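See structure below.
Residue numbers (the UniProt record's numbering): 1 to 375.
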């Protein structure tokens, strides 16, 4: 809209050429006044003004209307000069608005009515000329409205397409984050346990204790492979209704705690989830406990941890507390160590997670609505 297009040049040059040819071929027989110099000047002004019809539609309409009002009363040859202000009227209706175009059309018709009185000695007005001018201007406004509606429909379609593409990108981003969280939760806990157990086996002189640690490593590796296959299976499936493997839930907490105990950590489970919870909430609660215990093993320097379950005002309360260092450990508080994943998981079901120093160590507390997001 802020510069000329090649179509503007074509329209202006084409209109001037058409009027020039008409004047040279037909004009001498119909005109009472010589075209030179003012007839040609008005023709050129009206034609080349169309060059700026998109940039200054009101100004161009005024210029073409004045040129027409001056051209016809002076007795110059009858030409299609009136087409110039029809085109200008179309541009006003398209670029400015319907109301402005209608008011401008009324002013133009009124002006041509006055011109008609000047052209006839008896001050009569040719009704057919007024009707023809009014009809032509109304047609220009109607065509502009059709064009405006089409342009608006195209813009709405483009906006809807951009919205769909943005929504698809957001869904893809959310899915990548979900997969990243799932893989982190599956691998981080088990590999941390394997690392602790392997280190213990290397430092134990008793062969029986070393073999016990190796057995725990084998079991943890087996569990890791099972959960990893489950995640990869979900990624591979093309049919959403295809069966998938079992999803970890709070019912599997005893096994999770047993694995953590095998790594040398004393873990107790207190309370229970005695109310039904939505499957996504069940999985989220399990993963939060899993990640919290992983952080206890890796970062807390604790000897024991307590996992507490309970309900409060429609919320599932999950709390993991340890007796490690009570001071905030920058490494542990850093969001990259799984705390961000816990918070993101909780947010997907409408819950929250708070991780902070507790009375005798570190504490992670999650509050999750039993019905999930929107409950």
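Just so it is clear, CB atoms sit at the ideal spot from N, CA and C, and this is done for glycine as well. Note that this is a predicted model, so its numbers are computed, not measured.
In the three-state DSSP reduction, residue 364 falls in the strand class (E or B). A direct Cα-Cα distance of roughly 9 Å separates residue 217 from residue 191. Contact annotation: residue 366 and residue 285 have beta-carbon atoms nearer than 9 Å.
Every alpha helix (DSSP H) of 4 residues or more that sits fully in the segment 19 to 90 is shown, in chain order, as 27 to 30, 38 to 48, 57 to 71. The C-alpha of residue 105 lies about 34 Å from the C-alpha of residue 159. Taking C-beta atoms as the reference points, residue 318 and residue 289 count as a pair closer than 9 Å. Between residue 316 and residue 273, the gap from beta carbon to beta carbon is short of 9 Å. Assignment of residue 13 by DSSP, reduced to helix, strand and coil, places it in the helix class. Going by DSSP, residue 268 is part of the beta strand (DSSP E) stretching over 266 to 271.
In the DSSP annotation of this structure, the continuous segment of the beta strand (DSSP E) that includes residue 357 starts and ends at 352 to 357.
The beta-bridge partner set that DSSP reports for residue 155 is empty.
Residue 194 sits buried, since 16 or more C-beta atoms from the chains shown fall within 10 Å of its C-beta. Scanning 310, 356, 324 for the CA closest to the CA of residue 368 turns up 310.
Residue 155 and residue 138 have their C-alpha atoms some 26 Å from each other. The continuous stretches of alpha helix (DSSP H) do not include residue 315, which lies in the beta strand (DSSP E) extending over residues 315 to 322. Assignment of beta-bridge partners to residue 304 by DSSP yields 266. Apart from the 5 residues on each side of it in sequence, residue 371 sits with its Cβ closer than 7 Å to the Cβ of 278 in its chain, given in chain order. For residue 50, same chain residues with a beta-carbon under 8 Å away, outside a window of 5 residues either side, are 8, 11, 12, 15, 60, 64, 84, 87, 88 in chain order. Distance from the Cα of residue 38 is smallest, within the candidate group 252, 67, 18, for 67. Between residue 148 and residue 94, the CB-CB gap stays under 9 Å. Selection 254, 338, 48, 268 evaluated against residue 291 yields 338 as nearest (Cα-Cα). Pairing residue 58 with residue 96 gives a Cβ-Cβ distance under 9 Å. Ranked by how close their Cα comes to the Cα of residue 55, the residues 4, 74, 76, 102 have 4 in first place. Annotation: the continuous alpha helix (DSSP H) that includes residue 283 extends over 279 to 295. In the structure shown, residue 135 falls within a helical segment according to DSSP collapsed to helix, strand and coil. By DSSP's assignment, residue 312 forms a beta bridge with 315. Membership of residue 340 in the alpha helix (DSSP H) is indicated by the continuous run 339 to 348.
Comparing alpha carbon positions, the residue from 62, 320, 100, 215 closest to residue 302 is 320.
The residue from 179, 293, 280, 157 with its alpha-carbon nearest to that of residue 346 is 280. Burial state of residue 352 is exposed, judged by a 10 Å Cβ sphere holding fewer than 16 other Cβ atoms. Collapsing the DSSP output to three states places residue 207 in a helix.
In the three-state reduction of the DSSP assignment, residue 254 falls in the helix class, which pools H, G and I. Note on geometry: alpha-carbon atoms of residue 107 and residue 133 lie some 12 Å from one another. Burial of residue 257 is indicated by the presence of at least 16 other C-beta atoms within 10 angstroms of its C-beta.
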